Amino acid sequence: MFFVILFSIPLLAILWSVWAHLTLRHFRRARLWQALTLTFTLLMLAGYVWIIGRRADLWSLRPPLIWVTPAYIWTMVAFPGSLMLATPLVLADRLLQLWRRLRRNPPPTSPTHPTLPTPAAPLSPTRRAFLGTLVAAPAASTILGSVKAAADMDSFRVRRFDIPFPNLPKDLDGVTIAHLADIHVGYFSSEKLLLRVSDVTNSLRPDIVLGTGDLIDHAVADAPAGAAALNRTSAPYGVYQCEGNHDLFESREGFAAAMKAAGIPLLQNHSRVITIRGVPVELLGLCWGIGDQPDSGAELSYNASRLFGGQRPAPFSILLAHHPHAFDYARDAGIDLTLAGHTHGGQINPLPGVSPVGLFYKYLSGLYSIGRHRAVVSNGIGNWFPLRLNAPAEILHLTLRRA
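In numbering that gives the first Met the number 0, the protein residues as written are 0 to 402.
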């Protein structure tokens with residue numbers, strides 16, 4: 000299946016280019032439009048090859064964002080979306096033209112002498128506009144998406160939640176948490192963004208800063224920049240981090256070493272009890288995947304069984320997990336609060352609160368309550384994919400409340 004998907008994009012792009020070339024024959028300045036369409040498609044296919052090669056660690060070349068951003072958007076959204084929209088419309092157009100031709104020239108009821116075929120009628124202005132729109136759709140949507148991505152690249156909001164707990168120790172009432180998820184330091188994060196993350200976090204004056212994975216997008220070489228952003232934050236009870244799938248793309252050991260060198264506690268299937276306002280609080284961090292399969296993400300039950308055994312050693316507990324479905328296991332283990340990310344709030348949502356990604360995640364974005372247990376899932380701050388739609392990047396400011 001992987002190779003089917005891998006090769007389907009270039010194959011479909013070639014077929015699309017052939018159809019566009021034939022369609023544009025009927026347009027004014029046909030050769031110019033054909034050349035522009037072919038050039039754009041070849042540039043995007045080259046970007047697709049670069050994306051695949053980068054994810055497979057075949058090269059570390061970093062082309063400019065002015066090319067990479069459109070390539071991502073064309074590959075993941077613009078071209079597949081245009082294809083799904085155009086295919087039924089083109090088929091319907093062809094059937095309509097066939098029906099009209101049959102009405103004009105019904106088949107003979109008796110043998111006749113052969114006649115020369117009637118030359119095709121020129122395109123009507125309406126049909127020319129219709130077909131031109133379909134041909135232009137991949138490029139137009141790619142350009143519009145790239146403009147929005149550039150405008151949103153370094154922006155994020157602060158979303159606040161008061162989280163009530165019936166069992167919250169009295170002295171923890173009002174404790175604040177800065178939840179930093181999915182910073183994705185790398186291609187689509189700038190130094191300006193990382194400085195803003197630190198500055199905005201400090202302006203919130205949190206008691207503790209907790210990160211839930213994907214600090215980096217791909218390269219371990221980017222980890223020091225991410226760690227520096229965390230170390231610039233100031234919180235009386237410290238900064239803690241768990242791992243996400245992107246942190247492990249190159250090397251789990253390399254990422255862990257970078258966090259250790261920066262002095263940032265990385266909780267990998269590990270817990271520790273800290274004291275906040277005189278109250279013991281258990282912090283737990285869940286690993287992603289197992290061993291040398293860091294990108295599997297399916298072994299939540301395995302990692303949970305290793306981490307959650309026994310009674311909770313403190314009157315309040317907080318789990319840092321990248322995958323939001325860890326909430327189900329944390330709840331069964333008696334953990335009070337689960338923080339997660341990974342979903343990016345759906346990333347591309349046709350309407351606010353309407354996300355195809357929601358078909359795959361029980362907990363997509365925001366606050367969830369089951370019994371006395373709570374989970375908060377962040378949309379994240381950064382991006383592995385440059386475009387967001389109705390899923391704004393965010394820092395979460397959480398306040399614990401005694402219900």
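Glycine included, every Cβ here is placed at the ideal spot set by N, Cα and C.
Just so we're clear, the structure is a prediction, and the values are computed from it rather than from any experiment.
Quick check on residue i: buried or exposed, where buried means 16 or more other Cβ atoms within 10 Å of its Cβ?
i	result
T125	exposed
E190	exposed
W49	buried
N348	buried
E252	exposed
W15	buried
W383	buried
T22	buried
P385	buried
L247	buried
R387	buried
R24	exposed
S59	exposed
S233	exposed
A374	buried
N198	Reading off the sequence, residue 198 comes out as Asp, not Asn. The residue in question, D198, is exposed, as its Cβ has fewer than 16 Cβ neighbours within 10 Å.
L358	exposed
G91	Looking at the sequence shown, residue 91 is not Gly but Ala. Answer is exposed; the Cβ neighbour count stays below 16.
F254	buried
L88	exposed
P312	exposed
I65	exposed
P137	buried
R53	buried
Roughly how many angstroms separate the alpha carbons of residue i and residue j, rounded to a whole number?
i	j	result
V208	I394	11 Å
V272	L266	12 Å
I214	L82	For the record, residue 214 in the displayed sequence is Leu; it is not Ile. Those two C-alpha atoms are separated by around 34 Å.
A19	A128	13 Å
I8	L95	29 Å
W98	L133	21 Å
F187	F2	27 Å
G344	W32	38 Å
V353	A180	21 Å
Y362	N378	11 Å
V278	G185	38 Å
P355	A390	12 Å
N302	G46	37 Å
A55	L122	46 Å
K259	A70	35 Å
P205	R159	12 Å
G406	V280	Nothing can be reported for residue 406, as the shown portion of the chain is limited to 0 through 402.
G73	L338	Checking the sequence, you will find Trp at residue 73 rather than Gly. Computed Cα separation, rounded: 33 Å.
G284	L84	43 Å
F164	D327	17 Å
R61	P235	38 Å
A257	R27	58 Å
A34	A392	38 Å
A224	A139	35 Å
I317	L167	12 Å
M43	L5	15 Å
P323	A29	51 Å
F315	F78	49 Å
V196	Y239	16 Å
A321	W287	Checking the displayed sequence, the identity of residue 321 turns out to be His instead of Ala. Each residue's alpha carbon lies about 7 Å from the other.
G333	G370	11 Å
A150	D170	43 Å
P351	R156	16 Å
R400	T175	10 Å
G80	G212	30 Å
Determine which residues share a DSSP beta bridge with residue i and list them.
i	result
S316	E281
A19	Paired residue(s): none; A19 is not in a bridge.
S300	Partner(s): none; S300 has no beta bridge.
Y239	L209
E393	R156
R373	L336 and S368
L179	G210
H321	Looking at the DSSP assignment, H321 forms no beta bridge with any residue, so it has no partner.
L64	L64 pairs with nothing; no bridge assigned.
S270	L283
L399	I162
I215	V184
Is the region 177–195 touching the region 223–234, taking contact as three or more C-beta pairs under 8 Å? In short, these stretches touch, since the Cβ pair count reaches three.
Quick one: which unbroken alpha helix (DSSP H) runs of 4-plus residues sit fully inside the region 182–207? Chain order, please. 190–203
Please list the segments of the alpha helix (DSSP H) lying wholly inside the region 115–163, counting only runs of 4 or more residues, in order along the chain. 124–151
Quick test of the definition: if touching needs 3 or more C-beta pairs under 8 Å, does the region 334–344 touch the region 130–146? no
Taking only runs of the beta strand (DSSP E) that begin and end inside the region 26–52, which ones reach a length of at least 3 residues, in chain order? none
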